[in-house]
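Q:
Now the structure itself:
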């Protein structure tokens, strides 16, 4: 027998904390064939509402997938390769922002990571409209993940 460590499940609080400390993850949506479609995304985690928010454009394939099949998952690596969290749930996609500063544009502004806020908010909001940006809201109903204590 060996004394190698085994993975330990993370608590809901530890998983939420891990999600809050990271800003990049892999979003999995479901293709029409049933296979997963994976894409790396910047995200924002709201622990209180258990919602993950993403900014993307209305013409992206992930948006088409989610409008047809809302089940999705976000995989986030911890601070090292030995831990991870997965947030599963149903996603909804907003309509595109159409007027600079509308509700969708303001929600998109809130998704920006701290320290990366635009210098010219008005220009940024106009750009969001031009790009036909939407918000993906993943309402998390299941969190799971593990850590492997090595080192």
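Residue numbers (the numbering used here): 5 to 155. A virtual CB, placed ideally from N, CA and C, is assigned to each residue, including glycine. All of these numbers come straight from a predicted model, not from anything done at the bench.
If I'm right that residue 140 touches residue 85 with Cβ under 8 Å, what's the distance once you round it to whole angstroms?
A: Counted from its first residue, the chain shown places residue 140 at position 136. Counted from its first residue, the chain shown places residue 85 at position 81. Actually they are not in contact, since the Cβ atoms of residue 140 and residue 85 sit about 26 Å apart, beyond 8 Å.
Q: Mind listing, in chain order, the continuous beta strand (DSSP E) runs of no fewer than 3 residues lying wholly within the stretch 19-78?
A: Within the stretch 19-78, the complete beta strand (DSSP E) runs of at least 3 residues are 28-34, 40-46, 48-50, 55-61.
Q: How about residue 117 and residue 46: do their beta carbons lie closer than 8 Å?
A: One-based indexing of the chain shown puts residue 117 at position 113. One-based indexing of the chain shown puts residue 46 at position 42. A contact, by the Cβ cut-off of 8 Å.
Q: In terms of residues, what are the limits of the alpha helix (DSSP H) holding residue 109?
A: Indexing the chain shown from 1 puts residue 109 at position 105. Looking at the DSSP string, the run of the alpha helix (DSSP H) that includes residue 109 is 107-115.
Q: Among 112, 91, 90, 93, which has the Cα closest to the Cα of residue 100?
A: For the purposes of this step, residue 100 is taken as residue 96 along the chain shown, with counting starting at 1. Taking only the C-alpha atoms, the option nearest residue 100 is 112.
Q: If contacts are defined as beta-carbon pairs under 8 Å, then residue 91 and residue 147 qualify, I think. What distance do you get, rounded to the angstrom?
A: As a first step, residue 91 is located in the chain shown; it is residue number 87 there, counting from the start. As a first step, residue 147 is located in the chain shown; it is residue number 143 there, counting from the start. Confirmed, about 6 Å.
Q: Give every residue of the same chain whose Cβ lies closer than 6 Å to the Cβ of residue 31, excluding the five residues on either side of it in the sequence, and list them in chain order.
A: As a first step, residue 31 must be located in the chain shown, where it is residue number 27. Cβ neighbours of residue 31 beyond the five flanking positions: 43, 45, 78.
Q: Quick one: is residue 25 buried, meaning 16 or more other Cβ sit within 10 Å of its Cβ, or exposed?
A: The residue you call residue 25 lines up with position 21 of the chain shown. When all chains shown are included, residue 25 counts as exposed.
Q: Would you check if the distance between the CB atom of residue 19 and the CB atom of residue 49 is smaller than 8 Å?
A: Within the chain shown, numbered from 1, the residue matching residue 19 stands at position 15. Within the chain shown, numbered from 1, the residue matching residue 49 stands at position 45. No.
Q: For residue 145, which residues of its own chain have a beta-carbon under 8 Å away from its beta-carbon, when the five flanking residues on both sides are left out?
A: Here residue 145 corresponds to residue number 141 of the chain shown, with the count starting at 1. Excluding positions up to five away in sequence, the list reads 54, 92, 93, 94.
Q: So, at 7 Å on beta carbons, what are the nonlocal neighbours of residue 75 in its own chain, with the 5 sequence-adjacent residues on each side left out?
A: Residue numbering aside, residue 75 sits at position 71 when the chain shown is read from its first letter. Result list for residue 75: 34, 94, in chain order.
Q: Can you tell me where the beta strand (DSSP E) with residue 130 in it begins and where it stops?
A: Mapped onto the chain shown, residue 130 falls at position 126. Taken as a continuous stretch (DSSP letters only), residue 130 belongs to no beta strand (DSSP E), being part of the alpha helix (DSSP H) at 125-134.
Q: So, for residue 11: in the same chain, excluding its five sequence neighbours on each side, which residues have a beta-carbon less than 8 Å away from its beta-carbon?
A: Taking the first residue of the chain shown as position 1, residue 11 is located at position 7. Result list for residue 11: 150, 151, 152, in chain order.
Q: Roughly how many whole angstroms lie between the Cα atoms of residue 89 and residue 52?
A: Here residue 89 refers to the residue found at position 85 when the chain shown is read from its first residue. Here residue 52 refers to the residue found at position 48 when the chain shown is read from its first residue. Each residue's Cα considered, the two are about 17 Å apart.
Q: What does a CB cutoff of less than 7 Å around residue 62 pick up in its chain, not counting 5 residues either side in sequence?
A: Counted from its first residue, the chain shown places residue 62 at position 58. Taken in chain order, the residues that qualify are 100, 136, 138.
Q: Whose CA, out of 121, 21, 131, 66, lies closest to the CA of residue 156?
A: Residue numbering for the chain in the displayed model covers 5 to 155; residue 156 lies beyond these limits and cannot be assessed.
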